[in-house]
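Undergrad:
Protein chains in written order, with the numbering used here: chain L, 35 to 148; chain V, 29 to 139.
1) For chain V, check one thing: does any of its Cβ atoms lie closer than 8 angstroms to the Cβ of residue 136(L)?
2) Is any beta-carbon of chain V found at less than 8 angstroms from that of residue 98(L)?
3) Residues of the region 113-132 of chain L with a CB closer than 9 angstroms to any CB of chain V: list them in chain order, please.
4) Would you say residue 111(V) and residue 135(V) are within 8 angstroms of each other, going by their C-beta atoms?
5) By alpha-carbon positions, which one of 96(V), 42(V) and 97(V) ends up nearest to residue 138(V)?
6) Three Cβ pairs or more, each shorter than 8 angstroms: is that satisfied between the region 84-101 of chain L and the region 137-146 of chain L?
7) Please check if any C-beta of chain C sits within less than 8 angstroms of the C-beta of residue 139(L).
8) Suppose the cutoff is 8 angstroms on Cβ atoms and the five residues either side in sequence are ignored; what does the same chain contact list for residue 48(L) look like?
9) What are the start and end residues of each continuous alpha helix (DSSP H) run of 4 or more residues lying completely inside the region 38-92 of chain L, in chain order?
10) Would residue 45(V) be called buried (16 or more neighbouring beta carbons within 10 Å of its own) or exposed?
11) Report the CB separation of residue 100(V) from residue 51(V) in whole angstroms; it is logged as a contact under 8 angstroms.
12) Out of curiosity, what's the CA-to-CA distance linking residue 29(V) and residue 43(L)?
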């Protein structure tokens, strides 16, 4: 079955440590996205990538980094510079632009930093 | 500021009743999308409606779009317990790859 796999489902880290969240898709989609979701709020875009080896900052990129070395993979690193990293992180992909193409989401990674 | 804002924030109805959620937005759009999110899971796409469309159906879902009022509604008919979820609208952002999301409507279907 085609889809997006995020791992791990839960992640716990100490403050000051970098952590990398995995996102893999086998839908052959060109575009991939990382969103952050906080309780009672809408999704906020961290980074997106339209094509391999290219990515763009979203609305809240500070303290995060990404890479897109393969079409299938778009890992997100939450660095120690991110002031409030505890959140639910969602990865998504789409065939074309998110304006015209439905987003397909993974089931998220819940990150807790203490 | 948020482009899409859902109303109400929460809605609790009996199974079998219809549920209506609304989304308002501020600027002109090309498309508007509705998504569902079950607790602790990813979002699932429901319907995309284009700015030149007024109404769209998918099974028990009906979406309307009123561009003059900058608003959309999602109607779920004959609700079921499995419809319990949060529902989000998303509209065009600053680029073709950026959507702006509302805070969602939390729908609870009571058996």
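Built from N, CA and C at the ideal position, the CB exists for glycine as well.
TA: Based on what the coordinates show:
1) yes
2) no
3) 122, 124, 125, 126, 128, 130, 131 and 132
4) yes
5) 42(V)
6) Taking 8 angstroms as the limit for Cβ pairs, the verdict is that the region 137-146 of chain L does not touch the region 84-101 of chain L.
7) In the structure shown, chain C cannot be found, because the protein chains are L and V.
8) For residue 48(L), where only same-chain residues beyond five positions count, the Cβ hits under 8 angstroms are 147 and 148.
9) none
10) exposed
11) 5 angstroms
12) For residue 29(V), the pLDDT reaches just 36, beneath the cut-off of 50, and the residue's location in the model is therefore unreliable, although a value from the coordinates is still provided. Computed Cα separation, rounded: 30 angstroms.
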